[in-house]
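This report concerns only the one structure given below.
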Amino acid sequence: MTTKTENELIRPLNWWNALPREGYRSLERISTNQSWYSVYRIDPQTLVISEDGQFDENVSYLVMGEKRAALIDTGDNLADLRELVRGLTSLPVFVLNTHRHLDHIGANYLFDEVWAFDHRVSREAAALGVPQPHVLEVIQPGSLCKEIPAPFYEKAYCIPPYRITHWVRDGETIDLGGRTLEAIHTPGHSPDHLCFYEGRTRYLWTGDIFYTGCVYTHLPWGDLDVFLRTYEKLLERYDEFGLLMPSHNDPCIDKSVLREMHALALQARRGEGTYEAGEGGMRKYRGSCFSLVIGEKQADR
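UniProt numbering applies: residue 1 is where the sequence shown begins, and numbers increase by one.
This is the structure we're talking about:
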C-alpha cells in the first residue's frame with residue numbers, strides 16, 4: 001500500500017475546481033464591500049460567511065436575534081471580519097467558538113465578547129494565540145485561490161491572543177432575543193468542541209464534528225473513541241435535528257450524514273474496510289460526501 005504525506009491525504013489537487021460548493025447554489029448571495037468573504041443568506045436572520053479563497057473554506061455564521069447576534073467562529077484572520085460584520089447587522093455581536101483550532105479563532109481578538117467551552121486547550125489558545133511559524137500552513141503554496149486583501153504582511157501574520165469573556169457549559173441556553181441556541185459539548189475532534197442547536201429552525205451548527213470534506217481525529221487531543229461517544233450522543237437526538245450547519249465547505253447539509261459518519265467511524269475503530277494510508281500511521285476512510293482521517297493506534301488493527 002502506498003503511503004501518502006499528510007497533505008496528499010487531506011488536500012485534493014486543484015481543490016478550487018469544486019467551487020462554488022453545491023450547498024450555496026440555492027442561497028441568495030449578499031453583496032459586500034469585501035473581496036475575501038462570500039456572504040449568503042440562509043434565512044432572513046441567518047447568514048453564512050465563507051472564506052472560499054483558502055483551502056480550509058472556513059465558514060462562520062451570523063445568527064441574529066431581536067437583541068443581539070452570535071458570530072459562530074471567526075476564521076483565519078486574513079481580512080477584517082469585524083468590518084464585514086458591522087456592515088451586515090447593527091445588533092451587538094459576540095463570538096461563539098465551536099473550538100480552539102486556529103481556523104476558528106483567527107479574528108476573536110477583534111471582538112469584545114468571546115464565548116467558549118472551558119478546557120485547558122481553549123485557555124491556552126486564548127492566552128497565547130497562534131504565532132508563526134504555525135500559522136504559515138494557512139497561506140502555503142496551493143492553499144489560496146484568491147488574493148488576500150491589502151494590507152497583508154506575511155511576516156507579521158499570526159492569530160493574536162484574545163480574551164474569553166464567558167465559559168459555556170454543556171446544555172447551556174443562549175438567548176439572542178426571540179432565538180435560543182443550546183450548547184452541546186461534542187469532543188472527539190477537539191476536547192473543547194461545542195455544537196449549537198436551535199429548536200425553532202432545527203439547525204445544528206456542527207463545527208468540525210461534521211463537514212463535507214476530511215474530518216479529523218488524528219490531530220493532537222483528537223480521540224476516535226470520544227468522537228464515537230459524541231456521535232452516539234447526537235444520534236440520541238437525531239429526530240430533533242433538521243439541517244446541519246458545518247464550519248467548513250458546504251452549509252445546509254441533510255442530517256442523514258450523521259448516521260453515515262457514525263457507521264464509518266465504527267468501521268475505522270474496528271480496523272475494518274478499505275482506507276488510504278498516510279504518514280505516521282494515518283488512515284483515511286471515505287464516505288459519500290466526506291471522509292474520516294484517524295491517527296495511529298486509534299484502530300484495533
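Using N, Cα and C, we set each Cβ at its ideal position, and we do this for glycine too.
*asked:* For the structure I just gave you, are there three or more beta carbon pairs, one from the stretch 2–20 and one from the stretch 281–300, closer than 8 angstroms?
replied: Here the stretch 2–20 makes contact with the stretch 281–300; the two share three or more CB pairs at distances below 8 angstroms.
Is Arg82 closer than 8 angstroms to Ala116 when the C-beta atoms are compared?
-> Position 116 of the sequence shown, counted from the first residue, corresponds to residue 116. Position 82 of the sequence shown, counted from the first residue, corresponds to residue 82. Arg82 is positioned such that its CB atom lies no closer than 8 angstroms to that of Ala116.
| Could you check where the beta strand (DSSP E) with Tyr231 kicks off and where it finishes? | As a position in the sequence shown, residue 231 is number 231, starting the count at 1. Per DSSP, Tyr231 belongs to no beta strand (DSSP E); it is in the alpha helix (DSSP H), 224–235.
- Out of curiosity, what's the CA-to-CA distance linking Gly142 and Pro12? For the purposes of this step, residue 142 is taken as the residue at position 142 of the sequence shown. For the purposes of this step, residue 12 is taken as the residue at position 12 of the sequence shown. The alpha-carbon atoms of Gly142 and Pro12 are separated by roughly 10 angstroms.
If you compare alpha carbons, which of Phe94, Ala268, Phe227, Cys195 is closest to Met245?
Within the sequence shown, the letter at position 245 stands for residue 245. Comparing Cα positions, the closest option is Cys195.
| query | DSSP three-state call for Trp115: helix, strand or coil? | reply | Your numbering for residue 115 matches position 115 in the sequence shown. Strand, per DSSP.
Pro187: buried (16+ other C-beta within 10 angstroms of its C-beta) or exposed? Counted from its first residue, the sequence shown places residue 187 at position 187. With 16 or more other Cβ atoms from the protein chains shown falling within 10 Å of its own Cβ, Pro187 counts as buried.
Pairwise C-alpha distance: Asp103 and Phe55 | In the sequence shown, residue 55 corresponds to position 55, counting from 1. In the sequence shown, residue 103 corresponds to position 103, counting from 1. Rounded to whole angstroms, Phe55 to Asp103 spans 11 angstroms at the Cα level.
query = Where do the ends of the beta strand (DSSP E) carrying Arg283 lie?
reply = For this step, residue 283 is matched to residue 283 along the sequence shown. Start and end: 283–286.
(message) Is it buried or exposed, Trp221, if we count other Cβ atoms within 10 angstroms and call 16 or more buried?
(response) Along the sequence shown, read from residue 1 onward, the residue named residue 221 stands at position 221. A residue is called buried when at least 16 other Cβ atoms come within 10 angstroms of its Cβ; Trp221 meets this threshold and is buried.
Excluding sequence positions up to five away, which residues of its chain have a Cβ less than 8 angstroms from the Cβ of Leu235? Residue 235 sits at position 235 when you count from the first residue of the sequence shown. Cβ neighbours of Leu235 beyond the five flanking positions: Leu258, Arg259, His262.
task: Look at the alpha carbon of Leu84 and the alpha carbon of Thr32, and state the distance between them as a whole number of angstroms.
output: The residue labelled residue 84 in the question sits at position 84 within the sequence shown. The residue labelled residue 32 in the question sits at position 32 within the sequence shown. Leu84 and Thr32: Cα-Cα distance of roughly 8 angstroms.
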